[in-house]
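Enquirer: Residue numbers (this note's numbering), protein chains in the order written: chain A, 99 to 560; chain B, 391 to 937.
Dumping the structure here so I can ask a few things about it.
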């Protein structure tokens, strides 16, 4: 049988050939492998049907206090016999030299007829070269053995003596080789290793899965001719709401939906002409008292549209495709489908010929590029666009239509006061929703939990 | 968006000659999202700009148009009557100056109809009524009221039996003890007297905008209705009344006028609005090329009237469609009547070249460099908590930027640094294998004029041998490989770092951040069991500045 083995496997097989029944611990001692290497090696051999692992109950033998002393200095009776090698000695001298072991030494030696006593003298009579128990004592030494490895009769002698032998019962894994393993001939000559073996896991350092989705979406829109603009997450209410024709008494502007920054207002929010024209549009169409202090209040942007409209108001392009991408905020309870802070992409097309069907076409192309082809459009409502549509995409896994990006044409009440004269098509929506579809998540919070188990295992290309 | 529950069988009766499937297929194309369905019942979400869709009567009018069963504008037939009069006293002018009303006769009211009326009332109060502040509505049993009525102001010790009560309560008691009083009493807090509608016997009919009198309660036995709307301006009050009048007419009532006089008030006229639109604008905006007659039939399907006048189309808009401001709204009405499903997407070739923002590309390069150095990207909220930002990291809290009334305790203040979030991430991953190396790029906020936003990079490494040398080496390589920037480190102290193991990061003689071994107390706070090293630098003041 020619088979390639890992270095660990080779060592284990070799050791088991010498000593067929072993525990992981004894294998460790004989092979000098670490416990982890032994564990892995045994696992590999088991998978290849080369090793059998049995749970067994073993009695383990090691030396006790008196046993160890006897191992180092000799059995009491051996020490006695040694003192007698040069002829008979006085009982009292021996007592002094042997101390506490004098009693057992004399007792055992006399019982076995190894010595004889005359009045106050002791002399050797008929001592064997190897005393009972000496063989076992030497074998065990400072190590631990399973009972079956030791001569039963010789051990029984020591077992009778106090504190000579410690017997512990242990549940042990006993590793033996299977028959096919016994016939393996190990050869070091090729230098080959087991290329079929399992290996430990390496964790990849990577960008965040949600960032990957954001980058992917950014690149799609760039290839569709859009340029990216960046703006602040903290915005005045003027650009977040007023410039987008959302009246100051509108429910969406209340504390319960929008994060207002505690005690922070902007001194300069826009040019005086922009402020005048926007406020006039509000007064005329919504019939209420427009308050500049309300417009100064700073909020965490509820959409990136404020950034876009400000850009358009400042640049007034005749022809443009721009988008912004970033965090937006809603004062909501966090749940599996709602976050207080999430990412939104939002873009506009400006041009004299821009129309609703073009806008739908851009959406269709975008969805196609992220792998969604089953889409339809439904009418909806946004305060700052007219007409307004939403894209519905079919989710095969859920078996239903779900709402993705919203879109529409900016209302003249939005564009006119800011001096924007060409039609502006706008679209946008949350990115987490798309990423959830991509990564098969049903809890949006996972993106911000930074759970290493997930980050280390989520597949990069979906 | 508001939600309403409807019954298909009721809708079928109201629309006429229509299957359940036709209805469910058409609802989305009126802008009504189906939330859920259960046999005959369907829950739909409607847009806040269409209060007429707060009842099945209003939705039936829309469906009739879209399905071509009945098209064109809905005309209100209001019989002129001298029987019903309200006179307005100047006392109320400074509190809630306007009242208007209508009488609706000979209708049938069952439980389901009452439920629809209540849904409508709630929607009107919340939406165009701005939580009853701008305008509010009361619907009464006409036969329990003796005309003429007077709308005036009265003191807070005035007593009557309010709706859902069995005993007389004073105005003050109503405002202090009842739920509606507590919810809406704030609207009247600036005046000692309150608005009241009294009948010919001096009995209270209504205490707007809070509650009706119990005596006029509408039940299934009621045949004739009196509706009053009060408000802070005439137009909004009449807008609200026009929705109610339209719905009541569709519900089978015949309408009669209520004459209003006194203190700048007058009788509601329910005037239709006329808006001119060029058919070219509609074709241009929708990307279509359809005939003027097709546009006119589309507008009619949206329950408007339209006719040709020269090159233009003149559109007649009923009073209850006050969501229509100008021509662009008519573009949408035409699109809806034409059918959104009939608009096919087209792809116009872009006239522009796309470009990634240079800041985004720089941040992306830096992220890739950090990944190359073995660091995993983490993402945390920029709206975080005092606990994470200050308490756990032992930093002082003098210049915090907090939000008002957050619904979540974990999201109350804007971060001025990223590092504490990364430590929090480590503390949630102590059962995962080490080393753990993470980085994050993101926005940090500081008080300025009013707020300055900058981009930072922070990075941490946690494992049993983590040390200063390791993290300095990482930062040094990241900036050198990524941007050719050389850094120096200069000893400093910082509450989050171990003393003697912390340095300022210097680029061109300016400190751009901090680096070091995290203070062992802080590591303990987070229950992390291995040493942690880290750094945070301002990208806005180093790398991104050069853009």
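All C-beta atoms, glycine included, are put in the ideal place defined by N, C-alpha and C.
Contact between the segment 488-496 of chain B and the segment 566-576 of chain B is defined here as three or more beta-carbon pairs at a separation below 8 Å; is this criterion met?
Expert: Cβ pair count under 8 Å is below three, so no.
Enquirer: From residue 526(A) to residue 702(B), what distance separates their C-alpha atoms?
Expert: Near 34 Å, if we compare the C-alpha coordinates of residue 702(B) and residue 526(A).
Enquirer: By Cβ distance, which residues of its chain are closer than 6 Å to residue 753(B), with the 5 residues on each side in sequence left out?
Expert: Excluding residues within five positions, the ones whose Cβ falls inside 6 Å are 831.
Enquirer: If the cut is a Cβ gap below 8 Å, which residues of chain A does residue 623(B) touch?
Expert: Ordered by position in chain A, the residues that pass the 8 Å Cβ test against residue 623(B) are 385.
Enquirer: Pop quiz: residue 848(B) and residue 808(B) are said to be a contact at Cβ under 8 Å. What is the actual Cβ separation, rounded to whole angstroms?
Expert: The pair is a contact, with the Cβ atoms about 4 Å apart (cut-off 8 Å).
Enquirer: Express the C-alpha separation of residue 634(B) and residue 670(B) in angstroms, rounding to a whole number.
Expert: Whole-angstrom Cα-Cα distance: 35 Å.
Enquirer: Going by DSSP in three states, residue 384(A) sits in which element: helix, strand or coil?
Expert: In this structure, residue 384(A) counts as helix in the three-state DSSP scheme.
Enquirer: Anything in the segment 739-764 of chain B with a Cβ closer than 7 Å to a Cβ of chain A? List those residues in chain order, please.
Expert: Here the close residues are 740, 741, 742, 743, 744, 745, 746, 747, 749, 750, 754, 757, 761 and 764.
Enquirer: Taking Cβ-Cβ distances shorter than 7 Å, what residues in chain A pair up with residue 716(B)?
Expert: Per Cβ cutoff of 7 Å: 510.
Enquirer: Any Cβ of chain B within less than 7 Å of the Cβ of residue 432(A)?
Expert: Yes, its Cβ sits closer than 7 Å to a Cβ of chain B.
Enquirer: Less than 7 Å between C-beta atoms, sequence neighbours within five positions excluded: which residues of the same chain meet that for residue 454(B)?
Expert: Answer for residue 454(B): 405 and 460, listed in chain order.
Enquirer: Does any heavy atom of the ligand PLP sit closer than 6 Å to the C-beta of residue 467(B)?
Expert: For the structure depicted, the ligand PLP is absent and the ligand set is empty, with no information on it obtainable.
Enquirer: Apart from the five residues just before and just after residue 425(B), which ones in its own chain have a Cβ nearer than 7 Å to its Cβ?
Expert: Cβ neighbours of residue 425(B) beyond the five flanking positions: 393, 433, 434 and 435.
Enquirer: Just to confirm, is the Cβ distance from residue 606(B) to residue 534(B) under 7 Å?
Expert: Yes.
Enquirer: Check the Cβ-Cβ distances between residue 421(B) and every residue of chain A, and say whether any is below 7 Å.
Expert: Judged by the 7 Å Cβ criterion, residue 421(B) is in contact with chain A.
Enquirer: Just list the beta strand (DSSP E) runs in the segment 695-755 of chain B, keeping only unbroken ones of 3 residues or longer that don't cross its boundaries, in chain order.
Expert: Segments of the beta strand (DSSP E) lying fully in the segment 695-755 of chain B: 695-699 and 702-707.
Enquirer: So is residue 262(A) buried or exposed if we call it buried at 16+ other beta carbons inside 10 Å?
Expert: Answer is buried; the Cβ neighbour count reaches 16.
Enquirer: Pull up the distance between the alpha-carbon of residue 901(B) and that of residue 907(B), whole angstroms please.
Expert: Computed Cα separation, rounded: 18 Å.
Enquirer: Looking only at its own chain, which residues have a Cβ that is under 7 Å from the Cβ of residue 577(B), when we skip the five neighbours before and after it?
Expert: Around residue 577(B): 522, 523 and 599.
Enquirer: In whole angstroms, what separates the C-alpha of residue 755(B) from that of residue 761(B)?
Expert: Taking the straight line from one Cα to the other gives about 10 Å.
Enquirer: Quick test of the definition: if touching needs 3 or more C-beta pairs under 8 Å, does the segment 458-473 of chain A touch the segment 421-434 of chain A?
Expert: Contact between the segment 458-473 of chain A and the segment 421-434 of chain A is absent, because fewer than three Cβ pairs lie under 8 Å.
Enquirer: Locate the beta strand (DSSP E) running through residue 333(A), then write down its first and last residues.
Expert: It spans 332-334 - the beta strand (DSSP E) in which residue 333(A) sits, taken as one unbroken run.
Enquirer: Would you please verify whether the beta carbon of residue 347(A) is less than 7 Å from any beta carbon of chain B?
Expert: Output row for residue 347(A): interface = yes.
Enquirer: Using only CA atoms, which one of 401(A), 411(A), 343(A) and 390(A) lies nearest to residue 382(A)?
Expert: Checked all of 401(A), 411(A), 343(A) and 390(A); the closest Cα to residue 382(A) is 343(A).
Enquirer: Give a yes or no on whether the C-beta atoms belonging to residue 528(B) and residue 602(B) are separated by under 7 Å.
Expert: Result yes, Cβ atoms of residue 528(B) and residue 602(B) sit closer than 7 Å.
Enquirer: Contact check, residue 275(A) vs residue 148(A) under 8 Å by CB: the rounded distance?
Expert: Right, the Cβ-Cβ distance comes to about 7 Å (below 8 Å), so this counts as a contact.
Enquirer: Does the count of Cβ pairs from the segment 318-328 of chain A and the segment 385-401 of chain A closer than 8 Å reach three?
Expert: No, the segment 318-328 of chain A does not touch the segment 385-401 of chain A.
Enquirer: Going by Cα to Cα distance, which pick from 483(A), 532(A) and 159(A) is closest to residue 506(A)?
Expert: Selected option, being the one with the closest Cα: 483(A).
Enquirer: Give the interface partners of residue 309(A) over in chain B, defined as CB-CB distance under 8 Å, in chain order.
Expert: Here the neighbours are 757, 767 and 769.
Enquirer: Tell me whether the beta-carbon of residue 210(A) lies closer than 7 Å to the beta-carbon of residue 223(A).
Expert: No, the Cβ-Cβ distance between residue 210(A) and residue 223(A) is not below 7 Å.
Enquirer: Does residue 795(B) have its Cβ less than 7 Å from a Cβ in chain A?
Expert: True, the Cβ-Cβ gap to chain A drops below 7 Å.
Enquirer: Would you identify the three-state DSSP class for residue 658(B), choosing helix, strand or coil?
Expert: In this structure, residue 658(B) counts as coil in the three-state DSSP scheme.
Enquirer: With a threshold of 7 Å between beta carbons, is residue 78(A) in contact with chain B?
Expert: Outside the displayed range of chain A (99 to 560) lies residue 78(A), so it cannot be described from this structure.
Enquirer: Taking the Cβ atom as the reference point for each residue, do residue 926(B) and residue 819(B) lie within a distance shorter than 7 Å?
Expert: Taking 7 Å as the Cβ cut-off, residue 926(B) and residue 819(B) do not qualify as a contacting pair.
Enquirer: Identify the residues that DSSP records as bridge partners of residue 602(B): which are they?
Expert: Its beta-bridge partners are 596(B).
Enquirer: Starting from residue 150(A) and walking both ways along the alpha helix (DSSP H), at which residues does that stretch end?
Expert: Element bounds for residue 150(A): not the alpha helix (DSSP H) but the beta strand (DSSP E), 149-161.
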